[in-house]
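Asker: Residue numbers (my numbering), protein chains in the order written: chain W, 2 to 418; chain Y, 41 to 431. No residue lacks a Cβ here, since even glycine has one placed at the ideal position from N, Cα and C.
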Amino acid sequence: MNLIAKPSKDNIKTYVPIGLFLVSLSFLDVFVNAFFNFNLMGFLPSQLSYFLPLILGYIGFYLIRIEFSGVRSLDILNKNINSNNFNALLTLFTIFIIIKSIPPMLDWFILEANFVGNSKDDCTGDGACWVFIKVWFNRFMYGLYPDAEQWRINTAFLILFAVVGVSFFVSEKLKKYFILFLVFVFPFLGIKLISGGSFGLEYVESAAWGGLSLTFIISAFAILFCFPIGVILALGRRSSLPAIKYISIGFIELWRGVPLITVLFMSAVMFPMFLPDGTFIDKLIRVLIAITLFEAAYMAEVVRGGLQALPKGQYEAAKSLGMGYWRMNALIILPQALKLVIPGIANTLLALVKDTPLIFVVGLMELAGMIGLAKTNPKWLGMAMEGYVFAGLVFWIICYAMSRYSQNLEKKLSTER
Amino acid sequence: MIFKKFNIENKKARDLIPQAITILALISVIIYFATNAQINMGNRGISFGFGFLNQEASFDITFSMIEYDGSNSYGRAFLVGLLNTILVSAIGIFFATIMGVIVGISRLSDNYLIAKVAEWYVEIFRNIPLILQIFFWYFAALRALPLPENGISFYDISFLTIKGWYVPKFIWTNFNIFLLSVMAAFIAIYFINSYATKQREQFGKQIPTTIISLATLILIPLITFLFLGVSLSFEYPVLKQLSPTVFTYAGGVSIIPELIALALALSMYTATFIAENVRAGILGVGKGQKEAAASIGLNKNQILKLVVMPQALRIIIPPTTNQYLNLTKNSSLAAAIAYPDIVLVFAGTALMQTGRAIEIISITMLTYLTLSISISIFMNWYNKKMAIKEK
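1. I think W:G191 touches W:E367, with their Cβ atoms under 8 Å apart; what is that distance to the nearest whole Å?
2. Got a sec? Which residues, its chain only, sit under 6 Å from Y:Y178 by beta carbon, not counting five neighbours each side?
3. If you draw a straight line from the C-alpha of W:S168 to the C-alpha of W:F187, how long is it?
4. For Y:F418, is the classification buried or exposed, using 16 other Cβ atoms within 10 angstroms of its Cβ as the cut-off for buried?
5. Could you say if the stretch 104-121 of chain W and the stretch 47-61 of chain W meet the contact criterion of at least three C-beta pairs nearer than 8 Å?
6. Consider the Cβ of W:T349: report whether some Cβ of chain Y lies at a distance smaller than 8 Å.
7. For W:M2, which residues of its own chain have a beta-carbon under 7 Å away from its beta-carbon, when the five flanking residues on both sides are left out?
8. Evaluate contact between the stretch 294-313 of chain W and the stretch 252-260 of chain W, counting only Cβ atoms and requiring at least three cross-stretch pairs below 8 Å.
9. Going along chain W in order, which residues have a C-beta closer than 7 Å to the C-beta of Y:A405?
10. Assuming W:D283 contacts W:S172 under a Cβ cut-off of 8 Å, what Cβ separation, rounded to an integer in Å, is found between them?
11. Hey, is the stretch 57-72 of chain Y in contact with the stretch 236-254 of chain W, meaning 3+ C-beta pairs nearer than 8 Å?
12. Could you check where the alpha helix (DSSP H) with Y:E275 kicks off and where it finishes?
13. Are the CB atoms of Y:P380 and Y:I202 within a distance shorter than 8 Å?
14. Note down the Cα distance separating W:V354 from Y:S371, rounded to an integer number of angstroms.
15. Would you please verify whether the beta carbon of Y:P169 is less than 8 Å from any beta carbon of chain W?
16. I'd like the ranges of any alpha helix (DSSP H) spanning at least 4 consecutive residues and lying wholly in the stretch 99-175 of chain W.
17. Would Y:G132 and Y:L306 qualify as a contact pair, given that the criterion is a beta-carbon distance under 8 Å?
18. How about Y:N317: is its C-beta nearer than 8 Å to some C-beta of chain W?
19. Around the Cβ of W:Q309, are there at least 16 other Cβ atoms within 10 angstroms (buried) or fewer (exposed)?
20. Quick one: what's Y:T288 bridged to in DSSP?
21. If you measure from the beta carbon of Y:Y114 to each beta carbon in chain W, is any gap under 8 Å?
22. Within 8 Å of any Cβ in chain Y, is that where the Cβ of W:M2 sits?
23. For the stretch 381-413 of chain W, list every residue whose C-beta sits within 7 Å of some C-beta in chain Y, in sequence order.
24. Closest by CA to Y:K425, which one among Y:L384, Y:Q351, Y:I398?
25. Taking DSSP as the reference, what is the three-state secondary structure of W:T280?
26. Terminal residues of the continuous beta strand (DSSP E) containing Y:G204?
27. Taking Y:I70 as the reference, which of W:S214, W:C227, W:F272, W:V259 has the closest Cα?
28. My guess is that W:F28 and W:I96 are in contact by the Cβ rule of under 8 Å, so how many angstroms apart are they, rounded?
29. CA-CA distance, Y:G204 and Y:L353?
30. Tell me whether W:T377 sits in a helix, a strand or coil according to DSSP, three-state version.
31. Please work out which residues of its chain come closer than 8 Å, Cβ to Cβ, to Y:L148, disregarding the five sequence neighbours upstream and downstream, and give them in chain order.
32. Under three-state DSSP, which class holds W:R418?
33. Flag Y:Y408 as yes if its beta-carbon sits less than 8 Å from any beta-carbon of chain W, otherwise no.
34. Is the separation between the beta-carbon of W:V165 and that of W:F182 shorter than 8 Å?
35. Whole angstroms is fine: what's the gap from Y:Y422's alpha carbon to Y:Q363's?
36. Cα-Cα, which of W:G43, W:I65, W:A35 is closest to W:L23?
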């Protein structure tokens with residue numbers, strides 16, 4: 002009779018050990034089944050042995066569900082994963098799926114995967130062929146950029162990281178110059194270094210650029226240009242002058258209403274028609290203009306949100322000090338408005354980075370494009386999975402780091418107020 | 041002195057000058073582009089116009105919801121592409137909403153494991169570019185499916201193969217009557233609900249509307265099956281041998297892998313954003329609201345239905361509208377895996393054949409603008425309906 006009683010503090014001594022035993026038995030069964038392909042309950046009828054872990058775990062969880070048991074770890078366990086029957090089932094399903102999916106993943110990624118070798122024939126195991134990534138790594142990073150000249154890309158990025166790194170440690174006064182250098186001098190210096198054509202550097206046409214470095218180059222330039230344009234558009238949209246206001250609204254809504262891919266199509270096939278016959282603008286520059294204008298429209302909406310959130314008193318106070326429109330915006334309004342919308346700005350920049358693979362439309366190949374090229378190479382057919390998993394991982398690390406950084410920034414700024 | 045006078049006394053003139061300069065600049069840019077375009081088109085021997093839409097398209101489209109072959113016009117090809125875009129967007133929106141709501145609620149679950157799994161789902165799928173996810177599903181995951189002769193069978197009525205997903209085809213008789221009955225059921229449900237609301241607000245009576253609505257929705261169409269001669273039969277896909285090594289399925293409907301990959305990627309990606317909106321919406325309803333509702337004696341379901349959801353929806357809807365818009369625009373990535381949407385069919389193939397860049401790109405962009413604006417108008421209307429009515 003005692004055994005059918007509801008689990009409570011009185012029978013905790015008998016119920017909890019039995020319950021824990023049943024739960025661990027069910028996990029052990031699934032674990033052994035998944036990792037060693039051995040069915041512990043094989044002596045039972047097949048249908049029963051299939052569902053037995055679930056039934057055992059369910060009964061076990063029921064037995065240990067004792068409210069206010071006085072045992073701290075048991076209470077924490079119950080509260081978090083075992084608060085009622087439904088939650089117990091969800092917990093069991095989740096843990097079973099995780100245990101079940103570990104062995105095949107582990108096999109594919111590491112145990113059965115191939116790391117050594119130089120060609121597809123070296124990939125004899127059933128798992129991933131990481132040799133593919135190893136052999137093509139250079140191309141994935143630098144595109145078709147000549148091997149002998151790749152130090153130029155490396156140098157450009159090294160200077161960038163060095164300047165950014167040093168600027169964290171110098172005094173406020175020097176920091177200003179560092180930022181000015183980064184915004185106004187470095188981009189053009191870097192692009193000159195990479196494209197070459199002077200100072201004794203060999204000229205490398207932009208069609209040869211590619212891989213992850215191109216993702217960074219395009220993102221960096223688009224971020225640099227779309228920010229000021231976005232701010233101007235946002236100010237234009239809030240302007241009291243009707244002509245400027247409606248032109249800004251029209252411009253913003255036009256870009257926001259169409260997909261980036263059509264904008265890139267436009268830059269590739271329609272834009273040349275609008276230029277005098279014989280003028281040729283480099284493909285990369287056209288793409289850069291397209292992405293910049295597109296993202297500037299989104300940036301404008303984010304900045305507008307900040308402008309609208311500022312109390313009217315700020316404008317009135319600035320005007321009463323005798324400031325004109327530009328001085329008021331530059332010194333009073335924008336510094337506050339931009340600070341308010343840092344998360345929005347970060348999200349827009351994140352979207353920009355995630356949009357860069359779309360440049361395949363015009364035939365430029367960054368990381369995803371290079372993988373598309375590599376997987377269609379006759380010697381490396383059937384490597385799509387490895388390639389896209391690798392690219393996904395690289396982009397995920399970049400984007401996840403960016404989003405975490407923006408979340409931290411948001412937290413930091415919100416405590417300052 | 042003159043300048044000062046000018047500044048203060050002629051504010052109107054001061055306002056006019058920048059506007060006039062902006063408009064003039066805009067007009068001159070447009071004129072410059074237009075003249076160049078005219079000269080360029082003159083050189084290539086084409087003139088601006090939309091007459092080409094009536095010409096024969098003479099290319100085939102792999103997947104079409106309406107009758108189409110190469111002898112149809114470019115206008116018809118445009119329509120095929122547009123319908124395909126709408127199809128994949130609608131499928132994507134449907135699944136993204138369901139998944140987004142489930143994941144969003146899971147993130148707030150008091151089950152630690154479920155909340156963590158949902159969080160990682162969001163963090164993983166939100167931070168990988170959509171185009172890579174589409175490539176992954178199309179080039180890596182769906183290419184791993186078996187050939188037709190050993191396709192994965194679902195109870196022998198539906199088959200998943202590398203060439204697509206073959207599902208049974210619905211064959212209706214008297215479909216119109218059935219459709220009318222469904223519409224009648226919805227109208228009935230509307231009246232039942234408004235009656236129930238009135239009863240609740242005036243007399244405090246509770247009418248179980250959910251069960252009654254469900255019953256109406258099942259009963260009225262059922263009557264048409266029993267008495268009005270509506271019937272439904274299925275045409276199942278059957279494996280057919282074309283040559284000793286080539287197999288295919290005959291009958292049924294084939295859902296092409298491009299559509300599956302695109303719909304899968306679009307809904308999994310957008311679901312992460314919708315999940316965050318749902319989570320923010322539910323968190324945004326103050327704790328006091330729930331406590332107040334509980335203190336006047338509402339039960340748990342009533343609190344959710346009458347107090348939490350109406351307020352949460354008000355927070356959820358505007359950003360979710362934006363996600364629907366984004367999904368529709370993102371469906372244009374179809375061009376990357378050759379799903380015949382409007383970009384691939386019209387801005388791709390048709391443009392290559394006719395060379396009419398300006399007309400075709402403008403039509404494509406205008407179409408997306410129209411789609412975007414119509415979704416946002418509909419959602420604004422819905423939003424207004426849900427908004428707080430202050431007395």
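Answerer: Looking at the atomic coordinates:
1. Your pair W:G191 and W:E367 does not check out as a contact, with CB atoms roughly 17 Å apart and the cut at 8 Å.
2. A301, I377
3. 14 Å
4. exposed
5. Cβ pair count under 8 Å is below three, so no.
6. no
7. In this prediction, W:M2 has a pLDDT of 42, which is less than 50 and means its spatial position is unreliable; nothing more can be read from the coordinates.
8. yes
9. One detail in the question is off: residue 405 of chain Y reads as Met in this sequence, not Ala. The contacting residues are V259, T263.
10. Incorrect: roughly 40 Å between the Cβ atoms, too far for contact.
11. yes
12. Per DSSP, Y:E275 belongs to no alpha helix (DSSP H); it is in the beta strand (DSSP E), 271-275.
13. no
14. 18 Å
15. yes
16. 131-143, 151-168
17. Taking 8 Å as the Cβ cut-off, Y:G132 and Y:L306 qualify as a contacting pair.
18. no
19. W:Q309 should be labelled exposed.
20. Y:K280
21. no
22. With a pLDDT of only 42 at W:M2, under the threshold of 50, the placement of this residue in the model should not be trusted; the figure read from the coordinates follows. Output row for W:M2: interface = no.
23. Residues of the stretch 381-413 of chain W whose Cβ lies closer than 7 Å to any Cβ of chain Y, in chain order: A385, M386, Y389, A392, G393, F396, W397, C400, Y401, S404.
24. Y:Q351
25. coil
26. 204-207
27. W:F272
28. 7 Å
29. Straight-line Cα distance between these residues: approximately 37 Å.
30. coil
31. A155, R319, I322, L323
32. The predicted position of W:R418 is uncertain, since its pLDDT is 45 and thus under 50; a value taken from the coordinates is nonetheless stated next. The answer is coil: DSSP assigns W:R418 none of H, G, I, E or B.
33. It does; some Cβ of chain W falls within 8 Å.
34. A distance of 8 Å or more separates the beta carbons of W:V165 and W:F182.
35. 15 Å
36. Looking at the Cα atoms, W:I65 is the closest of the given residues.
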